[in-house]
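Numbering (this note's numbering), first residue to last: 10 to 102. We put the CB at the ideal spot given by N, CA and C, even for glycine. Keep in mind it's a predicted model, so treat the numbers as computed, not measured. The block underneath contains the structure these notes are about, expressed in structure tokens.
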């Protein structure tokens, strides 16, 4: 069950970015920020589960849930170097 829940995190980010890109709504970027916040909570919960359980399956679930956060961190790092436009990379524009 936790693995299915963890697999939903990257899909939610994809849906949020697509919604922010395709909708003309100026408040759509808050959907992406909200998805990243919910993903952080999910990743933290699965990380705590992995620490308590210690099984490889639990660690895989935690890593899978953290993928959207890693994506956002890479996007921010590349934007700070000036290589990509963060607003476009996360679907804000």
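Tell me whether residue 24 sits in a helix, a strand or coil according to DSSP, three-state version.
helix
Supposed contact pair residue 71 and residue 47 - C-beta distance, whole angstroms, cut 8 Å:
Actually they do not touch by this definition, with Cβ atoms about 15 Å apart.
Selection from 29, 64 and 75 that minimises the alpha carbon distance to residue 96
29
In chain order, which continuous runs of the beta strand (DSSP E) of length 3 or greater are located wholly inside the stretch 36-66?
none
Measuring only the C-alpha atoms, how far is residue 41 from residue 53?
18 Å
Can you tell which of 12, 32, 37 and 45 has the C-alpha that lies nearest to the C-alpha of residue 21?
45
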